[in-house]
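The structure appears right after this line, and notes come after that.
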Amino acid sequence: MSTDADVIVVGAGMAGLSAAERLVAEGKSVLVVEARNRFGGRVLNEVLDSSDPTQVIEMGGQWLGPTQDRARALAQRLGLTLYPTYAEGDKLLERHDGRLLRYRGEIPPINPLVLADVGQAQARLDRMARRVPLDAPWSSVRARQRDAMTFATWLSRNVCTRDARSLLRVALKAVWACEPHEVSLLHVLFYIHSGGGFDRLVGTSGGAQQDRVVGGTHLLAAGLARELGDRVLLGRPVRGIGSDDGGVTVRAGDHQLRAHRVIVSLHPALAGRIDYTPPLPADRDQLTQRMPMGSVIKCMAIYDEPFWRRDGLSGQALSLVGPVSVVFDNSPPRGSPGVLLGFLEGREARRLSAVSAAARRDLVVGTFARLFGARAARPQRYVDKDWLADEFTRGCYTAVMPPGTWTEFGPALRTPVGRIHWAGTETATIWNGYIDGAIRSGEDAAADVLRADAR
Numbered sequence: 001m002s003t004d005a006d007v008i009v010v011g012a013g014m015a016g017l018s019a020a021e022r023l024v025a026e027g028k029s030v031l032v033v034e035a036r037n038r039f040g041g042r043v044l045n046e047v048l049d050s051s052d053p054t055q056v057i058e059m060g061g062q063w064l065g066p067t068q069d070r071a072r073a074l075a076q077r078l079g080l081t082l083y084p085t086y087a088e089g090d091k092l093l094e095r096h097d098g099r100l101l102r103y104r105g106e107i108p109p110i111n112p113l114v115l116a117d118v119g120q121a122q123a124r125l126d127r128m129a130r131r132v133p134l135d136a137p138w139s140s141v142r143a144r145q146r147d148a149m150t151f152a153t154w155l156s157r158n159v160c161t162r163d164a165r166s167l168l169r170v171a172l173k174a175v176w177a178c179e180p181h182e183v184s185l186l187h188v189l190f191y192i193h194s195g196g197g198f199d200r201l202v203g204t205s206g207g208a209q210q211d212r213v214v215g216g217t218h219l220l221a222a223g224l225a226r227e228l229g230d231r232v233l234l235g236r237p238v239r240g241i242g243s244d245d246g247g248v249t250v251r252a253g254d255h256q257l258r259a260h261r262v263i264v265s266l267h268p269a270l271a272g273r274i275d276y277t278p279p280l281p282a283d284r285d286q287l288t289q290r291m292p293m294g295s296v297i298k299c300m301a302i303y304d305e306p307f308w309r310r311d312g313l314s315g316q317a318l319s320l321v322g323p324v325s326v327v328f329d330n331s332p333p334r335g336s337p338g339v340l341l342g343f344l345e346g347r348e349a350r351r352l353s354a355v356s357a358a359a360r361r362d363l364v365v366g367t368f369a370r371l372f373g374a375r376a377a378r379p380q381r382y383v384d385k386d387w388l389a390d391e392f393t394r395g396c397y398t399a400v401m402p403p404g405t406w407t408e409f410g411p412a413l414r415t416p417v418g419r420i421h422w423a424g425t426e427t428a429t430i431w432n433g434y435i436d437g438a439i440r441s442g443e444d445a446a447a448d449v450l451r452a453d454a455r
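Residue numbers (UniProt numbering): 1 to 455.
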């Protein structure tokens, strides 16, 4: 039977585009099929001013940090410029009682016992995380014990003060977009190791939130898609994949495409919605039933200027009141307009996904006003992206592993099934869950295909 390509890649996000680019460079013929009418997956720009390409805000993944070498190298190759996330001035912490604390640096002015409690918890997490093998978390010391425990249980047993537990819950939701009882301790440890430590995951300067891309991170995907040209087919949701001794048949929209191999670069829950013939092995099939996406709505209020800067504020804030728990200054590089970015995560995201857009706006802007004053209550424009309602994503930032998943089904995450290979940031060992991890996962899947073809 004739083929349309050597390899078909399902999904034109950063993982799929990176896999395709690597295969084309090795002389393979490739087609990338994407359900949406755009490429980029979980990276998405919103244009603020069509006359200025730097005037965008990112509605999806947006930051690049130190050691994210693949993403930074791609930005450099494409001629893109990075600039630091705005962090000059004081930060704010809104306590449970509504009192605002203003501080500089990384440490808020709270009870020294609380700070010590946070510090000892962080040190213990980092120490345990370093012992988790990135390529096989299920093989680590006490893997089953730690995979049977939720992060909420670990917090209750190992963190003494209420405020310390609250701060660590905010940190967890900011990184995983889920509640502490929804994720296993083993997954938290794997993820911390994958990102290079707790501080690096949550930090701005020196951390995962350090830098942004002038013109937005969607330019990374645009550059890859431009190089691939007409190999990228948009608006073709994949409904079925059939495998036989001679290759694979991919049912994409109204088309059937034939190839020797296929790379599915979707997160596991979406990958599990495809109809496979023959059916996937039980461990892979059940894995896709057990890896839910995080829950997040990314919210931005746009003002004529970043007025908080004149007040000596960085725009960064933590709220223990909510519904927005983490806030950043997300203004474009020239500093105008002013943009406040807030995240609704976990339970709050699910709750507010069900209300009207106007009601959600009022709650988010209300949080900004409590933090930054009356001017924050009057944005020129408000925009949010409800990733839970996105048909072809169904949540963000990444998938999480509930208790028991790593130790029972972990080996199926990356193992090919015959001619079907897996990619996506969820399969990455380094910077799992991030843009950099997506790029790495695409490169790894391409390498798997090349090795398989060489046998």
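Note that the Cβ used here is the ideal one computed from N, Cα and C, for glycine as well.
One Cα belongs to Gly-342, the other to Gln-76, and the distance between them is close to 29 Å. Phe-392 counts as exposed, since fewer than 16 other beta carbons sit within 10 angstroms of its beta carbon. Short of 7 Å from the beta carbon of Leu-172, and not among the five residues preceding or following it, lie these beta carbons of its own chain, in chain order: Phe-151, Pro-180. For Pro-84, the uninterrupted beta strand (DSSP E) run begins and ends at 82 to 84, by DSSP. Straight through space, the alpha carbons of Val-43 and Gly-60 are spaced by roughly 5 Å. Residue environment for Ile-263: buried (at least 16 other C-beta atoms within 10 angstroms of its C-beta). One thing to note: Val-324 has its Cβ no nearer than 8 Å to the Cβ of Ser-331. Closest option to Tyr-382, judged by alpha-carbon separation, among Asn-111, Arg-361, Asp-6, Arg-226: Arg-361.
In this model, Ala-20 and Arg-261 are separated by some 12 Å (Cα to Cα). Assigned with DSSP and collapsed to three states, Asn-111 falls in coil, not helix or strand.
In the displayed model, Phe-328 falls within a strand according to three-state DSSP. Distance from the Cα of Ala-87 is smallest, within the candidate group Asp-329, Val-30, Arg-142, Ala-174, for Asp-329. Rounded to the nearest whole angstrom, the C-alpha separation of Pro-379 and Glu-426 is 36 Å. Glu-106 counts as exposed, since fewer than 16 other C-beta atoms from the protein chains shown sit within 10 angstroms of its C-beta. By the CB criterion at 8 Å, Val-400 and Trp-63 fall outside the cutoff.
Minimum Cα-Cα distance from Ser-166 among the listed residues Ala-349, Gln-145, Ala-354, Ser-319 corresponds to Ser-319. With at least 16 other beta carbons inside 10 angstroms of its own, Pro-108 counts as buried. For Ser-194, the enclosing alpha helix (DSSP H) covers residues 185 to 195. In the structure shown, Leu-23 adopts helical secondary structure according to DSSP, grouped into three states. Per the Cβ contact rule, the segment 4 to 24 is in contact with the segment 215 to 235 (3 or more Cβ pairs under 8 Å).
About 7 Å separates the CB atoms of Thr-277 and Gly-240; that is less than 8 Å, so the two are in contact.
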